[in-house]
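Engineer: In the numbering used here, the protein residues as written are 111 to 414. Where is the CB? At the ideal position from N, CA and C, for every residue including glycine. Provided herewith is a single structure, encoded as structure tokens, for subsequent inquiry.
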Amino acid sequence: MNDFENEERDTLNKIKRNLLNISWNIGFLNIDKDFVNKSTWDIRWMKHNYKDRWFADPFILKVTNDEIIVLVEEFYDPIHRGRISKLTIDKQTYELKKIDVILELNSHLSFPAIFRKDDKIYIYPENSAEGHLVIYEFDEKDNNFKPHKILHDEPLTDASLETCFNSFHIFTTKLPIQNGNQLFIYQSEKWDGEYHPIQVMEFPSNTSRNAGSLFMLNGKIIRPAQDCNGAYGKGLVFYEVSYTDGVFEMKELKRMYPQHTIYDQGMHTFNVYDNLAVIDGRKFRKPFISKSLLAINKFIKKIK
Numbered sequence: 111m112n113d114f115e116n117e118e119r120d121t122l123n124k125i126k127r128n129l130l131n132i133s134w135n136i137g138f139l140n141i142d143k144d145f146v147n148k149s150t151w152d153i154r155w156m157k158h159n160y161k162d163r164w165f166a167d168p169f170i171l172k173v174t175n176d177e178i179i180v181l182v183e184e185f186y187d188p189i190h191r192g193r194i195s196k197l198t199i200d201k202q203t204y205e206l207k208k209i210d211v212i213l214e215l216n217s218h219l220s221f222p223a224i225f226r227k228d229d230k231i232y233i234y235p236e237n238s239a240e241g242h243l244v245i246y247e248f249d250e251k252d253n254n255f256k257p258h259k260i261l262h263d264e265p266l267t268d269a270s271l272e273t274c275f276n277s278f279h280i281f282t283t284k285l286p287i288q289n290g291n292q293l294f295i296y297q298s299e300k301w302d303g304e305y306h307p308i309q310v311m312e313f314p315s316n317t318s319r320n321a322g323s324l325f326m327l328n329g330k331i332i333r334p335a336q337d338c339n340g341a342y343g344k345g346l347v348f349y350e351v352s353y354t355d356g357v358f359e360m361k362e363l364k365r366m367y368p369q370h371t372i373y374d375q376g377m378h379t380f381n382v383y384d385n386l387a388v389i390d391g392r393k394f395r396k397p398f399i400s401k402s403l404l405a406i407n408k409f410i411k412k413i414k
């Protein structure tokens, strides 16, 4: 293949990526005791007019009478990578009122998981591109996060630090097979101590990657996970977690897939705070063109 053919191929691939470009948004729903049994969710999607960025991987930082404050991955098109931002959202209208960029590096950041300890707030966002997991402490005065320490020196993906089982555990996947069927579990006696591997769980299919932090529902500990079978973040899977004699087990309770006519291409984050859940949904930026292109491609493959 000559230089002209290479350039032509690269141009066609770029056009294809642009036509199939996606974006994410976040939404909210109330959690009650019948949540697991519901087949549909009443999601209130955040309203905003930004065209040069999207928002995903939400975690609720604070809820007041008037506002919901969340941490998200803000994927900003001009730099083509994610950064961690704080969104202030009107609690009545779900309109985005303010964006504060609170952590930005030269590498991609996402999944700003929140850990609360001794009246302090920490986050440990996914930054597997750097090969380790760093935990940051919130500096309320400067409205940003400062490094506390390297929590674990492996390329962990969407890690979840949990305190439900006497000692401290990290549930995670890791590169290079972050969307597979293996969940790695680490343990430490201190929340910011040294974490050692204690168990590898294998699932029947690719549902190991976390979709958020563990939460309590009807006295049960629930782990939200991603269905990555056939596509990254296709839907959500909820597991009941048990821990007996130092061994974790997980029982599948429910799966949920996109129901919205716009955000119909995936959902991969689910977090709960004060009976309020935050979720994300994926859509095509050019839905008519994208879906037409996929249909044509599917037809061509069928007749070959």
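Taking C-beta to C-beta, are Y232 and F221 nearer than 8 Å?
Structural biologist: no
Engineer: Within 10 angstroms of its Cβ, does I260 collect 16 or more other Cβ (buried), or is it exposed?
Structural biologist: exposed
Engineer: Mind checking D384: buried by the 16 CB within 10 Å criterion, or exposed?
Structural biologist: exposed
Engineer: Note down, one range per segment and in chain order, each beta strand (DSSP E) of at least 3 residues found wholly within the stretch 328-356.
Structural biologist: 330-337 and 345-354
Engineer: Alpha carbons only, please: which of T174, V173, R191 and A166 is nearest the one belonging to N461?
Structural biologist: Outside the modelled stretch of the chain, which goes from 111 to 414, sits residue 461, for which no answer is possible.
Engineer: If you follow the beta strand (DSSP E) that D144 is part of, which residue opens it and which one closes it?
Structural biologist: Segment: none, D144 is in no beta strand (DSSP E) and carries neither H nor E.
Engineer: How many angstroms separate the CA atom of H279 from the CA atom of L271?
Structural biologist: 6 Å
Engineer: Only counting runs of 3 or more residues, tell me where the beta strand (DSSP E) segments fall wholly within the stretch 233-283, in order along the chain.
Structural biologist: 243-249, 254-262 and 266-275
Engineer: With distances taken from CA atoms, which of L266, V351 and K251 is nearest I245?
Structural biologist: For the residues L266, V351 and K251, the minimum Cα distance to I245 belongs to L266.
Engineer: If you follow the beta strand (DSSP E) that E205 is in, where does it begin and where does it stop?
Structural biologist: Note, E205: premise wrong, no beta strand (DSSP E); not H, not E.
Engineer: When you compare the stretch 358-369 with the stretch 334-347, are there three or more beta-carbon pairs, one atom per stretch, that lie closer than 8 Å?
Structural biologist: yes
Engineer: Taking the straight line between their C-alpha atoms, what separation do you get for E66 and I331?
Structural biologist: Only positions 111 to 414 of the chain appear in the structure, and residue 66 is not among them; the question remains open.
Engineer: Measure from the alpha carbon of D263 to the alpha carbon of each residue in D252, P307, S277 and E299, then state which is nearest.
Structural biologist: Cα-wise, what sits closest to D263 is P307.
Engineer: Considering only residues of the same chain and omitting the five flanking positions on each side of A269, which have a CB-CB separation below 6 Å?
Structural biologist: Taken in chain order, the residues that qualify are L243, I280 and T282.
Engineer: Within a Cβ cutoff of 6 Å, which residues of the same chain sit near H158, ignoring the five residues on either side of it in sequence?
Structural biologist: In chain order, L206 place their CB closer than 6 Å to the CB of H158, counting only its own chain and leaving out the 5 sequence neighbours on each side.
Engineer: Secondary structure at T371, three-state DSSP: helix, strand or coil?
Structural biologist: coil
Engineer: Provide the residue(s) that pair with I194 in DSSP beta bridges, ordered along the chain.
Structural biologist: When beta bridges are read from the DSSP output, I194 appears opposite E183 and L213.
Engineer: Is the stretch 307-318 close to the stretch 368-376, with three or more CB pairs under 8 Å?
Structural biologist: no
Engineer: Just mark R226 as buried or exposed, buried being the case when its beta carbon has 16 or more other beta carbons within 10 Å.
Structural biologist: A residue is called buried when at least 16 other Cβ atoms come within 10 angstroms of its Cβ; R226 does not meet this threshold and is exposed.
Engineer: Would you kindly check if the distance between the Cβ of G391 and the Cβ of G192 is under 8 Å?
Structural biologist: no
Engineer: Which residues in the same chain as F325 place their Cβ atom closer than 6 Å to its Cβ, once the five residues preceding and following it in sequence are excluded?
Structural biologist: Once the five neighbours on either side are set aside, the close Cβ partners of F325 are I332 and V382.
Engineer: D162 to N253, Cα distance in whole Å?
Structural biologist: 23 Å
Engineer: Going by DSSP, name the residue or residues bridged to N381.
Structural biologist: V388
Engineer: Under the DSSP definition of a beta bridge, which residues are partnered with W134?
Structural biologist: Partner residues in the beta bridge of W134, as assigned by DSSP, are R392.
Engineer: With DSSP collapsed to three states, give me the class of N320.
Structural biologist: strand
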